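K.L.:
Before I ask anything, let me first share the structure, which is written out below as structure tokens.
Protein chains: 2
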Amino acid sequence: MLDQAADLDRVFHALADPSRRVMVERLSAGPASVSELGRPLEISLAAVLQHVQVLEASGLIRTHKTGRTRTCSIEQAVLRSAESWIAERRTLWERRLDRLGDYLGGTAGPADTGPVGAGPVGPHTNDPLKETR
Amino acid sequence: MLDQAADLDRVFHALADPSRRVMVERLSAGPASVSELGRPLEISLAAVLQHVQVLEASGLIRTHKTGRTRTCSIEQAVLRSAESWIAERRTLWERRLDRLGDYLGGTAGPADTGPVGAGPVGPHTNDPLKETR
């Protein structure tokens, strides 16, 4: 869903503010009106509305207005896309660590094999841990 | 690990930039030097260094210098903390949807039970879907 860089920019930017995270937290328990979202925050209604706009522009929430009440709810798929982006990078890194463990466990290891992070290991170096699949 | 709001602010802010995400992506395959990180990006070395500083300040990466080379690597626990923050909110929301499904499946439902997001449902309303555990 969030395959475009600009979308992820907006989602992570939206999550980088503590007031907006309080709002997402509240909305994860169910839909809420804008004034309900603002209640735990010591900020003006105008500021609450701005935060709601940032969240809506990011796709993390959607809103709809009935009479004078604007109700907000979580857009689960967007939350999941941001989570997946992080999870995929973390998983790659963990697989690398696993391969390092296998490599060190399976060989005596050359004397110059330092710990992870001991030196630059670029995609073009002859890295025994390089993804081969 | 990231129990303080300011930490999550910094992590999500760091991830809100496409160049920094390219760097995290590269680092998820293994440690890299600053110049290696900058290679796929059409930006100055000064700009690369600034991005590295933002990433390091967020805790997402750590760096160490050997001679003239600064090597960067992922700080997996911080990546995981950001992922967990999102996952917990998403899970709460999904549990709510599950309860809604159970509720609608188990009863004929009162006439005024609208679809999810049809009206403000605050923590103080008499919400049949409220977490009871």
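As they're listed, the protein sequences go chains A and B. Residue 82 in my numbering sits at position 82 of the first sequence, and the numbers go up by one each step. Residue 1042 in my numbering sits at position 42 of the second sequence, and the numbers go up by one each step. Glycine is no exception: its CB is placed at the ideal position from the N, C-alpha and C atoms. Being a predicted model, the structure only gives us computed values, none of them experimental.
Consult DSSP for R89/A and reduce its assignment to one of helix, strand or coil.
P.N.:
The residue given as residue 89/A occupies position 89 in the first sequence. R89/A falls in the helix class under three-state DSSP.
K.L.:
Whose Cβ in chain A lies nearer than 8 Å to the Cβ of D1009/B?
P.N.:
For the purposes of this step, residue 1009/B is identified with residue 9 of the second sequence, where counting begins at 1. The answer, in chain order, is A16, D17, P18.
K.L.:
Establish whether the CB of H51/A and some CB of chain B are separated by less than 8 Å.
P.N.:
Here residue 51/A corresponds to residue number 51 of the first sequence, with the count starting at 1. It does not; no Cβ of chain B falls within 8 Å.
K.L.:
Using a Cβ-based criterion (distance less than 7 Å to any ligand heavy atom), does L1100/B qualify as near the ligand MG?
P.N.:
Although the ligand MG was asked about, the structure shown includes no ligands whatsoever.
K.L.:
Provide the residue(s) that pair with A1032/B in DSSP beta bridges, ordered along the chain.
P.N.:
Taking the first residue of the second sequence as position 1, residue 1032/B is located at position 32. DSSP lists C1072/B as partners of A1032/B.
K.L.:
Per the contact definition of three or more C-beta pairs closer than 8 Å, is the region 1021–1028 of chain B in contact with the region 14–27 of chain A?
P.N.:
In short, these stretches do not touch, since the Cβ pair count stays below three.
K.L.:
Check this for me: beta carbons of R62/A and E75/A, under 8 Å apart or not?
P.N.:
Taking the first sequence and counting its residues from 1, the one referred to as residue 62/A is at position 62. Taking the first sequence and counting its residues from 1, the one referred to as residue 75/A is at position 75. Yes; because the gap between Cβ atoms is below 8 Å, this pair is in contact.
K.L.:
For E56/A, which residues of its own chain have a beta-carbon under 7 Å away from its beta-carbon, when the five flanking residues on both sides are left out?
P.N.:
Within the first sequence, numbered from 1, the residue matching residue 56/A stands at position 56. These residues qualify, in order along the chain: R62, T63.
K.L.:
If we cut at 8 Å on Cβ distances, does G1038/B have a partner in chain A?
P.N.:
Translated into the one-based positions of the second sequence, residue 1038/B becomes position 38. Not an interface residue.
K.L.:
Among R1096/B, L1045/B, S1058/B, whose alpha-carbon lies nearest the alpha-carbon of A1005/B?
P.N.:
Translated into the one-based positions of the second sequence, residue 1005/B becomes position 5. The residue with the shortest Cα to Cα distance from A1005/B is S1058/B.
K.L.:
Is the separation between the beta-carbon of R1096/B and that of L79/A shorter than 8 Å?
P.N.:
Locating residue 1096/B in the second sequence gives position 96, counting from the first residue. Locating residue 79/A in the first sequence gives position 79, counting from the first residue. Contact: no.
K.L.:
On the premise that V48/A lies in contact with L60/A, defined as a C-beta separation below 8 Å, what is that separation, rounded to the nearest angstrom?
P.N.:
The residue given as residue 60/A occupies position 60 in the first sequence. The residue given as residue 48/A occupies position 48 in the first sequence. In fact, because the Cβ distance is near 15 Å, the residues do not count as touching under 8 Å.
K.L.:
Once you ignore the five residues that flank D1112/B on each side, which residues in its own chain have a CB closer than 6 Å to its CB?
P.N.:
As a position in the second sequence, residue 1112/B is number 112, starting the count at 1. For D1112/B, the pLDDT reaches just 47, beneath the cut-off of 50, and the residue's location in the model is therefore unreliable, leaving the point undetermined.
K.L.:
Could you check whether V52/A and A14/A sit closer than 8 Å to each other, using their CB atoms as the reference points?
P.N.:
Translated into positions along the first sequence, residue 14/A becomes position 14. Translated into positions along the first sequence, residue 52/A becomes position 52. No.
K.L.:
Can you look up R1062/B in the DSSP assignment and give me helix, strand or coil?
P.N.:
On the second sequence, position 62 is the one that residue 1062/B refers to. Here R1062/B sits in strand by DSSP.
K.L.:
Report the three-state DSSP secondary structure of P18/A (helix, strand or coil).
P.N.:
For the purposes of this step, residue 18/A is taken as the residue at position 18 of the first sequence. In the structure shown, P18/A sits in a helix (DSSP, three-state: H, G or I).
K.L.:
Within 8 Å of any Cβ in chain B, is that where the Cβ of E25/A sits?
P.N.:
As a first step, residue 25/A must be located in the first sequence, where it is residue number 25. By this cut-off, E25/A is an interface position.
K.L.:
Measuring straight from C-alpha to C-alpha, what distance separates D7/A and R1070/B?
P.N.:
Within the first sequence, the letter at position 7 stands for residue 7/A. Within the second sequence, the letter at position 70 stands for residue 1070/B. Distance between the alpha carbons of D7/A and R1070/B is about 31 Å.
K.L.:
Identify, in the order they occur along the chain, each residue of the same chain with its Cβ nearer than 7 Å to the Cβ of A1041/B, setting aside the five sequence neighbours on each side.
P.N.:
Position 41 of the second sequence, counted from the start, is the residue given in the question as residue 1041/B. It should be pointed out that residue 1041/B corresponds to Leu in this sequence rather than to Ala. Once the five neighbours on either side are set aside, the close Cβ partners of L1041/B are S1019, V1022, V1048.
K.L.:
For I43/A and P31/A, I'd like the C-alpha separation in whole angstroms.
P.N.:
Walking along the first sequence from the start, residue 43/A turns up at place 43. Walking along the first sequence from the start, residue 31/A turns up at place 31. Approximately 20 Å, taken between the alpha carbons.
K.L.:
What would DSSP say about E1042/B, mapped onto helix, strand or coil?
P.N.:
Residue 1042/B sits at position 42 when you count from the first residue of the second sequence. In this structure, E1042/B counts as coil in the three-state DSSP scheme.
K.L.:
Which word fits R10/A, buried or exposed, when buried means at least 16 other C-beta atoms lie within 10 angstroms of its C-beta?
P.N.:
The residue you call residue 10/A lines up with position 10 of the first sequence. R10/A comes out buried.
K.L.:
By Cβ distance, which residues of its chain are closer than 7 Å to S73/A, with the 5 residues on each side in sequence left out?
P.N.:
Numbered from its first residue, the first sequence carries residue 73/A at position 73. Once the five neighbours on either side are set aside, the close Cβ partners of S73/A are L27, P31, I61, R62.
K.L.:
Report yes or no: is there a C-beta of chain B within less than 8 Å of the C-beta of A57/A?
P.N.:
For this step, residue 57/A is matched to residue 57 along the first sequence. No, A57/A lies away from the interface with chain B (no Cβ there is under 8 Å from its Cβ).
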